[in-house]
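Participant: In the UniProt record's numbering, the protein residues as written are 1 to 669. Sharing a structure, written as structure tokens. Questions coming.
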């Protein structure tokens, strides 16, 4: 809804309110003239129906001009407000004119007789549209199917006949005592309405249309999905409540009061469906309609009390002034409450930030934290869908995207220390106030996203660490079981054999001992290899640069290895040192076995801030080939770098050597 259409809707809603207020202003004067009260003559019902249907309907058609349901609400509200005002004008003129004539005075108000006549029948179409056409086309604005057109035709026929019947009757036909002075006949005094047969047919059509409309709503409810059911259940319950109230009004003394209250459930149900369940996907400027409705109902009650207690004592003008003075501050309070109901805390950033802070302090795991933050943003802004995305994937969400307006309409980037960490996805258009509030909320959500990312990284690192430790244990298990175990078992057999030959064959025993000595020395070499594989001793004696140089000399004859490192290379944490050694060793092995290289250069350098070790390995081989041919060695190098929160980059320049760059942070957790 544009600001211009919103202003028009507000102006039209104000006009309806003026019509209702005009009736209330003259009510004390009507009381002085002996006219029966506003409740007893059913004008309270008109006042409530005018505002409760007309005001929301105006805001509906302001945004969705093609909404038939909205236009029905506007027609009902306008007709009731106009009929209410014309009735008050007619009653005032008719009663004051005859009172003046009796005192030798002049005439009443211009056109008062005909104003009263229009008021007498104008309520009929406004009244009958609600339980028939309104329910038949709610909520999409069309019939459930073409098979329901007879019900719609019956509804229009019943409305037309009943309206014509009341139009062709005298003004005094309404059987409410105390409306007109004694002897008043008014216009069309000789008419008696439509023929009885036509009146009966109209009544049958109306009753049938009402039953069909309620049945249509029930069928629509039963065949609808979950989202539409949540919207319809309020209106269905309100329709049944309205019918029940009208039935009760026939049997209790305070029936007119109940009839007036019967106009409230349906528009309230529509408002709930609009606000809580996004009926018609309306712009949420309906908060003004809610404020108008609340003020109008309270105004009726306040004015009735003031008129009853003060009207006779201080006059109608004073009682009207008292109520008028109370309207503005009361409207401001109700408008604020309505805005909070519909818009949430958009107008109160401090409150929104406090609520978000409470969510932050109450949350447990990072995943739970994001879910709570998304839910709180949705509640603060009264948005039906909020999601948090990381790298294009939804990691937390609140609400649903379904039905009308299911397309995401807004995405807000989340920045932490100037770096993008995610996106806040909103299933609704944003307004300037939304963006102003989100500008204050987004940094807090970004902190939560950053915490979630760090938690996820930590969890992945922990998983990789556990996997690497288990892999190392498995390797040691195989080495000990398949290598050292059989060797020791063979040595034990050799010892037993030598013991048996000591006395019988000393020379044979000597030979066995010599063989045993050789096997033991070989076993020691194997054990040393296993130990060296855990952490090569050259790292402790020569440092990383010297250890890599010694390792490179081991490839002599197959590969010429050059190690380049600055003399001021900072001290390296043992995990970084070991990871760099293993990655470089694997790269040298790949250069010989797979790339068929003849020369390899290993470069070590510290970052500009001395917080990162950069390891670069370049060879002159044929490259590593397609990604599908890359084996365990490359995966192992990448895994070792990522375990330390480092990066692994492999540059394969189309068969002109392989170039690998690994960066390992020196601040190891």
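C-beta: ideal position from N, C-alpha, C; glycine also.
For residue 413, tell me which candidate among 444, 383, 200, 384 has the shortest Cα-Cα distance.
Facilitator: Checked all of 444, 383, 200, 384; the closest Cα to residue 413 is 444.
Participant: Would residue 470 pass as an interface residue toward chain B - the criterion being a Cβ-Cβ separation below 8 Å?
Facilitator: No chain B is present in this structure, which holds just one protein chain.
Participant: Helix or strand or just coil, what does DSSP make of residue 503?
Facilitator: Three-state result, residue 503: helix.
Participant: From the DSSP output, in three-state form, read off residue 616 for me.
Facilitator: In the structure shown, residue 616 sits in a strand (DSSP, three-state: E or B).
Participant: Which of the three DSSP states is assigned to residue 660 in this structure?
Facilitator: Looking at residue 660 - three-state DSSP - the assignment turns out to be strand.
Participant: DSSP puts residue 420 in a beta bridge; with which residues?
Facilitator: Residue 420 is bridged to 415.
Participant: Should residue 643 be labelled buried (16 or more other beta-carbon atoms within 10 Å of its own) or exposed?
Facilitator: It is buried - the Cβ of residue 643 has at least 16 other Cβ atoms within 10 Å.
Participant: Hey, is the region 579–594 in contact with the region 548–561, meaning 3+ C-beta pairs nearer than 8 Å?
Facilitator: Flag = yes, the region 579–594 and the region 548–561 touch.
Participant: Can you tell me which of the three DSSP states residue 648 falls into?
Facilitator: If DSSP states are grouped into helix, strand and coil, residue 648 belongs with the strands.
Participant: Output the distance between the C-alpha atoms of residue 142 and residue 411, rounded to the nearest integer angstrom.
Facilitator: Straight-line Cα distance between these residues: approximately 34 Å.
Participant: Leaving out five residues on either side along the sequence, give the residues of the same chain with a beta carbon under 6 Å from the beta carbon of residue 113.
Facilitator: Closer than 6 Å at Cβ, skipping near neighbours: 186, 187.
Participant: Give the straight-line distance between the Cα atoms of residue 373 and residue 425, rounded to the nearest whole angstrom.
Facilitator: Whole-angstrom Cα-Cα distance: 13 Å.
Participant: Roughly how many angstroms separate the alpha carbons of residue 86 and residue 176, rounded to a whole number?
Facilitator: Roughly 17 Å between the two C-alpha positions.
Participant: Please list the terminal residues of the continuous beta strand (DSSP E) segment that includes residue 147.
Facilitator: Counting along the chain, residue 147 falls outside any beta strand (DSSP E), and DSSP gives it neither H nor E.
Participant: Let me check understanding here. Comparing Cα to Cα, which of 395, 441, 467, 427 lies closest to residue 455?
Facilitator: When each option's Cα is compared against that of residue 455, the closest is 395.
Participant: Tell whether a beta-carbon distance below 8 Å holds between residue 161 and residue 208.
Facilitator: For residue 161 and residue 208, no; Cβs fall outside 8 Å.
Participant: Less than 8 Å between the beta carbons of residue 671 and residue 21, yes or no?
Facilitator: Only positions 1 to 669 of the chain appear in this structure, which leaves residue 671 out of reach.
Participant: Give me, in chain order, the residues of the same chain whose beta-carbon lies closer than 7 Å to that of residue 119; leave out the 5 immediate sequence neighbours on both sides.
Facilitator: If we look at residue 119 and ignore the five residues flanking it on each side, its Cβ neighbours are 83, 86, 87, 90.
Participant: With DSSP as the reference, label residue 399 as helix, strand or coil.
Facilitator: In this structure, residue 399 counts as strand in the three-state DSSP scheme.
Participant: Tell me which same chain residues have a C-beta within less than 6 Å of the C-beta of residue 599, skipping the five on either side of it?
Facilitator: The residues are 560, 620.
Participant: Let's test the definition: count the other Cβ atoms within 10 Å of the Cβ of residue 223 and tell me whether it reaches 16, buried, or not, exposed.
Facilitator: By the 10 Å Cβ count, residue 223 comes out exposed.
Participant: Is the separation between the beta-carbon of residue 516 and that of residue 542 shorter than 8 Å?
Facilitator: Contact flag unset, no.
Participant: Let's test the definition: count the other Cβ atoms within 10 Å of the Cβ of residue 108 and tell me whether it reaches 16, buried, or not, exposed.
Facilitator: Label assigned to residue 108: buried.
Participant: Report the start-end ranges of each alpha helix (DSSP H) in the region 147–177 that is 4 residues or longer and not cut off at the edges.
Facilitator: Segments of the alpha helix (DSSP H) lying fully in the region 147–177: 149–167.
Participant: Applying the criterion that 16 or more other CB atoms from any shown protein chain within 10 Å of the CB defines a buried residue, is residue 216 buried or exposed?
Facilitator: Counting Cβ neighbours within 10 Å, residue 216 comes out buried, since at least 16 surround it.
Participant: Can you give me the Cβ contacts of residue 269 inside the same chain, cut-off strictly under 6 Å, excluding the 5 residues immediately before and after it?
Facilitator: Around residue 269: 234, 235, 238.
Participant: Please report the straight-line C-alpha distance between residue 168 and residue 180, rounded to a whole angstrom.
Facilitator: Approximately 19 Å, taken between the alpha carbons.
Participant: What does residue 600 pair with, by DSSP beta-bridge criteria?
Facilitator: DSSP lists 561, 619 as partners of residue 600.
Participant: Who are the Cβ neighbours of residue 210 in its own chain at under 7 Å, not counting the five residues just before and after it?
Facilitator: 131, 132, listed in sequence order.
Participant: Output the distance between the C-alpha atoms of residue 554 and residue 509, rounded to the nearest integer angstrom.
Facilitator: Rounded to whole angstroms, residue 554 to residue 509 spans 39 Å at the Cα level.
Participant: How big is the Cα-Cα spacing for residue 387 and residue 457?
Facilitator: Taking the straight line from one Cα to the other gives about 21 Å.
Participant: If I follow the unbroken beta strand (DSSP E) through residue 387, where does it start and stop?
Facilitator: Run containing residue 387: 385–390, per the beta strand (DSSP E) assignment.
Participant: Within 10 angstroms of the Cβ of residue 472, are there 16 or more other Cβ atoms? Answer buried if so, exposed if not.
Facilitator: Looking at its Cβ environment, which holds fewer than 16 other Cβ atoms inside 10 Å, residue 472 is exposed.
Participant: Going by the DSSP bridge assignment, what does residue 410 pair with across the sheet?
Facilitator: Per DSSP, 426.
Participant: Using the rule of at least 16 other Cβ atoms within 10 Å of the residue's Cβ for burial, across every protein chain shown, is residue 376 buried or exposed?
Facilitator: So residue 376 counts as buried.
Participant: Tell me where the alpha helix (DSSP H) around residue 119 begins and ends.
Facilitator: Segment 112–129, the alpha helix (DSSP H) holding residue 119.
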